[in-house]
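Below is one structure; the comments refer to it alone.
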Amino acid sequence: MYSKMNLFRSYGTSIAQSKSITLRYVRCFTVLLFTFIFSVASSKAQTVKFDGKQLSMDEIIQEIRKQTGFDFIYKKQAIESFPTLSPLAIDKPLNSFLNELFKNLPVSFEIKNKTIVLKELEQPEGVCQVYGCIRNSDGQPLQGVSIKSKSKASGTSTDQEGRYLLKCGKGETITFSMVGYLSQEVKVQGSKMVDITLSTTDNMMEDVVVIGYGTRSREKVTGAISSISAKEIENLPATSFQSMLQGRVPGLNVLNFTGEPGASSIALIRGLSGSSRDGLPANTSPLYVIDGMPYSMEDMGAIPSLKGAKVTTSNIDPLSMINPDDIESIDILRDASATAIYGSRGANGVIIVKTKMGKIGKPTITFNTNLGLSSPPAFRSTLGGKLERETRMRYINKYAELDADFHTINNAAFLTDSINPFYNNATDWQKLYYRYSRIQNYTLGISGAIADQLSYRTNLGYSDEGGIMKATGYNRYTLSTNMIFKPSKSFDINLDIAGTFSEKKRGNGADQNAMGAGGNFNTSLYPTPVSDELSNFFKAFDLLDEVNQNGSVRSSLGLTYKLGDSFRFTNNLRMSYGLDERNTFKPSALNTNNKPSLNNYFGKNTTLLNEHVLTYFTSLDHHNFIVDLGFSNDRLIRSYTRTNALDGISDYMKAINGFPKERVTTIEEYSKSVRLSYFARLNYDFASKYIVSGSIRRDGSSRFGDNNRWGYFPAGAVAWNIHKEEFMKEVDWVNNMKLRLSSGVSGTEFSFDYLTQGLYDIGTAGEMYNTTTAPTYNNVISANPWYQKGLTNPDLTWEKSIDKNVGFDGMFLSNRLGVNFDFYWKESRGKLFDLALPNTSGYKMIYSNGQDVLNYGYELAIYLDLIRKSPKWKWSINMNGAINRNVLLGIGEEGKDVYLRSMERLLRVGRPLNDFYVHQTLGVYATDEDVPVNPKTGYRLTGSNTQYPFKAGDIMVADLDGDYRVGYEVSNANGDLISGDKIFGGNPNPTITGGFRSDLRYGQFSLSTFFVYSVGRQIINKTLADRLNPNTLLAPNSLPDVSEFDFWEQSGDQAMYPAYNPFNKNNYINYSYQQTLFVEEGSFLRLKNVQLSYELPSALIKRFKLKRLNIFGQMDNVFIIQKFNGPDAENVDFSGIDRGGFYPIPKKITFGLNVQL
């Protein structure tokens, strides 16, 4: 019993003791738990503030102590080598702040009670840690710099403050690289801090370029691709996208022939590859790809009209949808190996525009602005007033008796009438039509990220450029926003939306410019137009009313899936929608029937695109493969409504109600085209040394007939990076050297949606759909086939270009010298052309794949880094030039000559396109005896009017066919006018084009100068011919200073120009512009842009919480050097004929700033 009692007592005591111990453990654990929780809570409850000021690590620690009361325990030598940092925090929890502070530093931290313990990270033997900060030459941290070990796959990148931390083996070489900067290498012997300053470079091998459906490092590119960075076009005061590209890339010729704000230019890659019967470029515009959305200038314009009716749109550049401030980079694809991936749309080259995207990091706000003035152009010289009147009277008195029966308005009675209010008028009409106008551009943007999953960028833009011509100008509003959402490591969502609204006052053309701003502006001695109410220029000009508006929206949704380590699938849905409107009222004085007219145009343009691309990439030892397979489906829908009203009742009734109903006609058109495409591409390289690429694309288009609906476009290329060979290791003056060979087929489809099908129409073209002339059946209007313009050809097929290219890229002398050279040979087969049919056929023409053209040429770009090691001075030069030639290989089945409609140009097999075909001027007949006499008839040489033979003082024109008649033309069987006395006397296509840029920097100052040039172009100076011709209509042209011209005055004179005889009936040929006398050299050198800027030091602007502040001033179109006898050799249209009607190119001066915070 006792034993049992002791046993139970002993057991009970044991249990009690066990409970007591357990309770003590629970109490201890609870105390420790709450101590830990309160410790963590205390650290989380604590917040810190830092304003971005640059501080050392010791200063940061002291500031944390001051703000939180937390103490630090650490080895002083552990933080001595840490870089200075610029922490930015607003009431940020202490724990989060410390995580970010030490993220890329070789330490860890631990919070114990109110103490922060810093410990050096321990590494296995043989492993070291390299850390530091990477900045640019301005001292700004660089985010996204790639840091890699050359011998291992380890790598990292810098954060938003430029910091990094990399683990590597001792003795390894670390590379630091970033697009647009010179790469650097550092050999590591142990753990240490390595701060790097990267310098910018134009090294062609360092860049990443967009190649279509992907990107590629330039080192592995096999095609002819040039790039333009955002920095090159930063702050340029240009509203035309193409004009910003002028002279910056070899082989890209931008014809910037107009200075009208908001108007487009013509861009040709590797020259002109086809001509229409009008002598204009025939389907030769490059393809523009804006963030993956392809655009062609032909498809973005109005529906092409087969009826010959001119559809007048707003004439606003469709590419003005792009805000230059949004552009990240521009890549120009020139050869078929690069463009064939775009198949039927890449024959004329491809220009890829990539816009800026948001980046992971702190929000960044940018504000850019520039303000300035445009100034009037150089005016054509004119006499005017008393001096002009006396000059005209002198020649009237001199020649009046010779041909007294041939009078014009140039008569003594008018010029000597002192009661005439214009008797002594010396007004130069040019000066009254021009003005100084303002320029203002503003952009405001924000970009950044929300955590690491969502990056964004939004940008607002406003541009206002008043035209130098009165009542002209251009306004543009832009909004772009994009974001990249990464819900997981393998899935990306990319959303991009951009909208633009543009408005342009008045268009470009003779209606706006001819009266006082054109080349043929009138003399000051005559009131014009002559009418009761409109007895001066300005009433007519002011009554001309025109409004042009254009709106566009571009959007895309991209989904990217990473399937494992080797596959990526991308699906892009893209949409573009545009509206275009023009309303024009022309007063009676501007119409030949002296009655007002009204024209309204409203068009819509919608493009829908769906793309799917599967990419496979893998590496096996040194063998690297990238394979792309893709499918795309796009459709283009266009429509427009046009209303024309004639014979208005008053110049002050500008609404359609002020026109007779029977003179009002409305036209509506609608068209739709669909394209299906399949494509594949292989890129292979062996250790980046030997590179092979190949692609094929199959396109199907609804624009073709059933027999030719599909086209195939293959391409292939190889490249050899010679500098990677072992035998080049000791050649230290060669940094990069690559040889490229490529060949491929690309194509073009015409822009007419229904050209291969028979068209039906109501009415006749001459009556513009006037139903009163339409055919009827039982008094009901019927539809009749529209074959009057041409016979339908259902067998039309793709235009194809076979392109061969040899290229060389090199960087030498420590990347101080860069050279890029290409030679190309391109045959364009089956270009669309309207071939004339014999009159007996009953049809005027037929569209045919009847034009073949050869283009060949050389392209050269040179980069010189002249000064770069000086602590303050930097100087680099970029130069480029291209020789682009074309030859007509065939036209039609028989290859006969084709006169272009303006008659001064001719297409002939074996000759360049659009050759001038003019009379050969041999001088001026000094005496009557010098005029040739027909031995059969005994009569002197005559022109088309045989009653008036040539005489002393008349032009001496070569009689090439020996029939003793010159200056006349007859019709051939096809109705074309031909002449037997003309020669090829020049060509409007330049032989050499290019540009060069100098970038000079001293400290924080930068000076950039940019020149463009064109060599070997000829211009027919029709404006001069018209102004010199004394036989004019009711309102004579202004009279230039005749003392500057060598006119024939008396028998025996060896003169350059014919007699200034107002009564000579041969003046129609004496002053005809279609002769070599008026063919002039059109070469020029223009200082396109000069920009001086000052970048404020980062240490200064950080006080104001700014990341960047740049102040600049610049001049645009500073001066031009030329031989051309006119204001501006560049201000001449594509045809090379100066008609004087184009909007002058103004000089501009602007000042602005770039702010980033």
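Each residue of the sequence shown is one higher than the last, beginning at 3 in my numbering.
Just so you know, even glycine gets a beta-carbon here, dropped at the ideal spot from N, CA and C.
According to DSSP, residue pairing for threonine 993 in a beta bridge does not occur. Boundaries of the alpha helix (DSSP H) harbouring tyrosine 397: 387-401, taken from the DSSP string. Beta-bridge partners assigned by DSSP to tryptophan 875: Tyr1004. The segment 75-121 is shown to contain whole alpha helix (DSSP H) runs of 4 or more residues at 78-81, 96-103, in chain order. Between serine 744 and asparagine 807, the gap from beta carbon to beta carbon is short of 8 Å. With respect to serine 1016, proline 992 sits close: the two C-beta atoms are nearer than 8 Å. Take the alpha-carbon of alanine 473 and the one of arginine 570: they are about 54 Å apart. DSSP places methionine 485 within a strand segment (E or B) once states are collapsed to three. Measuring C-alpha to C-alpha distances from serine 151 to each of Val129, Gln162, Asn317 identifies Val129 as the nearest. Alanine 1027 carries a helical assignment under DSSP once its states are collapsed to helix, strand and coil. For arginine 67, the uninterrupted alpha helix (DSSP H) segment begins and ends at 59-70. Collapsing the DSSP output to three states places alanine 349 in coil.
If the five residues before and after serine 634 are omitted, its C-beta is found closer than 6 Å to the C-beta atoms of Glu613, Ser679, all from its own chain and listed in chain order. By the 16-neighbour rule on beta-carbons within 10 angstroms, tyrosine 166 is buried.
Each residue's CA atom was taken as its position, placing leucine 839 and arginine 910 some 18 Å apart. Going by DSSP, alanine 226 is part of no beta strand (DSSP E) at all; its letter is neither H nor E. Bridge pairing for alanine 884: Glu861, Thr995 [DSSP]. According to the DSSP secondary-structure assignment, lysine 169 is paired through a beta bridge with Gln131. The C-beta distance from asparagine 795 to threonine 758 rounds to 7 Å, short enough to meet the 8 Å contact threshold. DSSP lists Arg137 as the beta-bridge partner residues of proline 143. Taking C-alpha positions only, proline 378 is separated from isoleucine 448 by approximately 37 Å. By the neighbour-count definition (other C-beta atoms within 10 Å, threshold 16), serine 1053 is an exposed residue. Taking C-beta atoms as the reference points, isoleucine 1022 and phenylalanine 1086 fail to come closer than 8 Å.
Rounded to whole angstroms, the gap between the alpha carbons of asparagine 1063 and valine 1014 is 41 Å. Between the segment 461-480 and the segment 438-448, the count of C-beta pairs closer than 8 Å reaches three or more; the two stretches touch.
Taking the CA atoms as reference points, leucine 868 sits about 46 Å from glutamine 64. By the neighbour-count criterion, in which a residue is buried when 16 or more other Cβ atoms sit within 10 angstroms of its Cβ, leucine 638 is buried. The residue from Ser830, Lys169, Ser558 with its alpha-carbon nearest to that of serine 277 is Ser830. The beta strand (DSSP E) runs lying completely inside the segment 424-458 and spanning 3 residues or more are 439-452, given in chain order. For serine 1137, the secondary structure class from DSSP, reduced to helix, strand or coil, is coil. Residue range 692-703 is occupied by the beta strand (DSSP E) that includes serine 695.
Around the Cβ of histidine 624, a 10 Å sphere holds fewer than 16 other Cβ atoms; the residue is exposed.
If only uninterrupted beta strand (DSSP E) runs of at least 3 residues are considered, those enclosed by the segment 258-291 are 268-271.
Fewer than three beta-carbon pairs drawn from the segment 1092-1110 and the segment 1139-1148 are found closer than 8 Å, and the two stretches are therefore not classed as touching. Within a 10 Å sphere around the beta-carbon of phenylalanine 729 sit fewer than 16 other beta-carbons, which makes this residue exposed. In the DSSP annotation of this structure, the continuous segment of the beta strand (DSSP E) that includes isoleucine 1021 starts and ends at 1020-1022.
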